[in-house]
RNA sequence: GCCGGGAUAGCUCAGCUGGUAGAGCAGCGCAUUCGUAAUGCGCGGGUCGUAGGUUCGAAUCCUAUUCCCGGCACCA
């Protein structure tokens with residue numbers, strides 16, 4: 105007879121097998137109503153699950169993260185049920201839970217339209233209102249395959265047929281609709297109260313671009329209307345932070361048809377870009393890197409030798425000159441750096457040799473992949489290559505890791521996830537070389553004391569890598585930095601040094617980038633700060649405003665003086681009300697507005713206002729300059745605006 | 001690259017079933033000299049992404065094409 109232990113340690117005895125639902129009812133009517141699923145001995149089950157033996161039980165409600173998952177999963181089923189009722193010819197495939205919602209893929213003779221989406225959502229609401237009971241049953245695999253074949257659901261049948269044949273298949277049904285599913289699901293469709301279909305899109309069957317394309321319907325689902333609305337508001341907020349929108353608003357850059365995936369940097373955007381370069385130049389210099397610059401165009405034979413052309417040639421831009429030579433525009437900087445390393449005879453005494461370049465690379469990305477500054481065809485890497493002996497890998501990798509994390513902190517990114525990407529299917533070099541490279545990178549990661557997750561098969565074609573992923577202000581993740589151990593490229597390109605016994609040795613090459621792509625990092629910064637870049641990165645750090653033309657001379661003088669001190673300052677003498685000027689420059693995200701009216705001129709002061717609307721009072725220009733200087737030098741750690 | 005949607009003034013967008021393009025903001029001019037997120041009045045501005053086609057007539061319909069957007073696939 106089962107003894108059920110609840111999360112608080114209390115126990116309940118039953119003299120017969122009981123369902124989760126009954127136990128919940130035994131605890132309280134409110135809990136019974138709120139129960140969506142349960143954990144029995146750690147396993148997630150339906151409320152109809154029968155407990156026959158002693159067990160630990162935790163009721164799952166919409167307050168639990170699992171509860172929300174159950175809701176989303178069940179809403180995906182509701183979507184499929186609605187689609188089948190409205191479009192009986194559509195075939196169901198899969199419908200998993202994703203972040204904030206779910207999707208379901210259908211095979212259908214024509215694409216779903218936005219009107220279809222509205223009709224489907226209305227049908228879903230109707231089915232949820234009907235509060236149909238969701239029931240579970242089990243059948244042997246082969247029977248399940250026959251069952252779905254008979255229904256004409258060939259995709260489902262294919263999925264089930266790929267499950268090992270001894271397994272029992274669970275099916276969930278609601279109304280006259282039934283689907284294969286591991287579950288669990290909500291006890292009845294009435295539990296689904298806050299959902300919305302968001303978009304239709306194409307998606308390949310089984311995620312393989314060689315397969316046919318299905319219709320994917322995305323939706324979001326929440327415990328209640330309030331959560332749903334909060335989510336929709338969050339989407340709107342994210343849209344306002346979109347770097348493409350901010351780039352336009354602040355006149356930072358543009359893209360145009362003749363140069364897909366290549367950026368036209370405007371003066372203000374380029375100012376910020378140059379701030380990033382200057383910052384990195386300083387940090388790298390201190391870390392022992394020497395800056396170089398290698399050609400953007402090199403003979404294709406070099407790329408043949410490096411392995412790029414064979415492995416990733418379809419992503420490279422090639423050009424033929426009138427003399428019939430084929431050149432490749434560099435997609436990476438490493439071969440260039442190897443040429444510089446190779447020039448002259450290197451001694452082991454020189455190692456590590458650390459070369460860095462703000463290298464502009466071009467990659468022919470698939471047209472559908474392009475996305476603002478995040479994914480472009482022409483971009484600038486803060487690329488660096490370190491040539492070392494195998495014994496030096498650990499120490500150097502630890503130093504690089506620390507450098508990367510320290511730099512991210514300067515930009516306000518404290519949360520950094522690290523992934524270890526091991527050998528990919530398309531690669532160069534023998535397996536034993538890969539074994540050594542992966543072991544060395546693992547050892548270095550351990551020595552650096554970092555935690556990482558495995559990103560299987562995602563390494564570079566020449567070596568394993570660590571990927572550094574930033575989390576921004578609204579919780580999105582972006583891969584930026586990378587550290588790669590390469591035991592292949594130096595040998596392929598004939599690089600060597602002379603060791604202490606006068607023998608030729610092939611160096612190990614570490615590839616590393618910190619921003620990754622400057623374009624991308626720039627976009628991440630814009631979105632992270634919603635355009636309000638810290639003053640040290642702002643294209644314009646302050647604007648001096650006049651109230652009437654009586655202050656013109658004073659404003660010009662102050663502006664000139666601040667500019668001479670190295671600040672990025674402009675003035676605004678337009679014949680407009682001060683409120684109008686303040687609004688405009690606030691919208692342009694200028695950190696400080698310095699207002700000069702008759703009072704300030706008389707007292708030789710500036711009234712300082714921040715872009716967040718805070719009044720810092722009137723102060724002499726020298727005071728403002730001093731405080732701003734401290735803010736810039738501390739890279740925003742000591743902030744004037746408070 | 002694949003599926004779907006889109007492209008109209010500098011920007012955001014309207015323009016129903018074909019009859020020859022419109023708003024707000026921005027810009028320009030004039031007035032206003034003003035104290036912390038929009039002063040008022042007036043004016044100019046578009047071969048409707050590109051190339052073909054159908055038609056008496058095309059922003060609107062058809063075909064092709066480029067780019068953009070949302071996904072998928074890709075991401076050295």
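Residue numbers (this note's numbering): 105 to 746.
Just so you know, even glycine gets a beta-carbon here, dropped at the ideal spot from N, CA and C.
Counting along the chain, the unbroken alpha helix (DSSP H) around residue 512 starts and ends at 497-514.
Taken in chain order, the whole alpha helix (DSSP H) runs of length 4 or more contained in the region 655-730 are 656-668, 682-691, 702-707. Beta-bridge analysis with DSSP links residue 283 to 276. The straight-line gap separating the alpha-carbon atoms of residue 565 and residue 408 is approximately 14 Å.
The three-state secondary structure of residue 244, taken from DSSP, is strand.
Distance from the Cα of residue 153 is smallest, within the candidate group 171, 241, 114, 205, for 241.
For the 8 Å CB-CB criterion, residue 694 and residue 642 form a contact.
In this structure, DSSP gives residue 591 a state outside helix and strand, which the three-state scheme calls coil. In the structure shown, residue 617 adopts extended strand secondary structure according to DSSP, grouped into three states. Per DSSP, reduced to three states, the secondary structure at residue 642 is coil, with no helix or strand assignment. The beta carbons of residue 624 and residue 390 sit no closer together than 8 Å. DSSP, reduced to helix, strand and coil, places residue 488 within a strand of the structure shown. Counting only the Cα atoms, residue 274 lies some 6 Å from residue 286. Closest option to residue 325, judged by alpha-carbon separation, among 108, 302, 596, 419: 302.
Here residue 602 carries a strand assignment [DSSP, helix/strand/coil]. Annotated three-state conformation of residue 741 is coil, per DSSP. In its chain, beyond the 5 residues on either side, 601, 602 have a beta carbon closer than 8 Å to the beta carbon of residue 451. Taking a C-beta distance under 8 Å as the contact criterion, residue 332 and residue 305 do not qualify as a contact pair.
Setting aside the 5 residues that flank it on each side, residue 665 is surrounded in the same chain by 725, each with a C-beta closer than 7 Å to its C-beta; the list follows chain order.
Here DSSP, grouped into helix, strand and coil, assigns residue 466 to strand. Of the candidates 229, 192, 228, 488, the residue whose Cα lies closest to the Cα of residue 211 is 192. For residue 704, the closest of 260, 723, 455, 589 by C-alpha to C-alpha distance is 723.
Bounds of any alpha helix (DSSP H) do not take in residue 206; it lies within the beta strand (DSSP E) bounded by 205-211. A residue is called buried once 16 or more other Cβ atoms fall within 10 Å of its Cβ, and residue 652, having fewer, is exposed.
Annotation for residue 115: no alpha helix (DSSP H) segment contains it, though the beta strand (DSSP E) segment containing it runs 115-117. Scanning its chain for C-beta atoms nearer than 7 Å, with the 5 sequence neighbours on each side dropped, one finds around residue 462 the residues 381, 484, 486, in chain order.
Segment contact: the region 464-479 against the region 359-373, three or more CB-CB distances shorter than 8 Å; contact assigned. Counting along the chain, the unbroken alpha helix (DSSP H) around residue 229 starts and ends at 218-233.
If you look at residue 416, you'll find it isn't in any beta strand (DSSP E); it sits in the alpha helix (DSSP H) that goes 412-416.
Straight across, the Cα-Cα distance linking residue 397 with residue 385 is about 13 Å. Distance check between residue 172 and each of 190, 189, 138 places 138 closest, using alpha-carbon atoms only. At the C-beta level, residue 136 and residue 125 come within 8 Å of one another. Assignment of residue 255 by DSSP, reduced to helix, strand and coil, places it in the coil class. When rounded, the separation of the alpha-carbon atoms in residue 122 and residue 510 is 57 Å. In this model, residue 402 and residue 599 are separated by some 18 Å (Cα to Cα).
Note on geometry: alpha-carbon atoms of residue 730 and residue 687 lie some 26 Å from one another.
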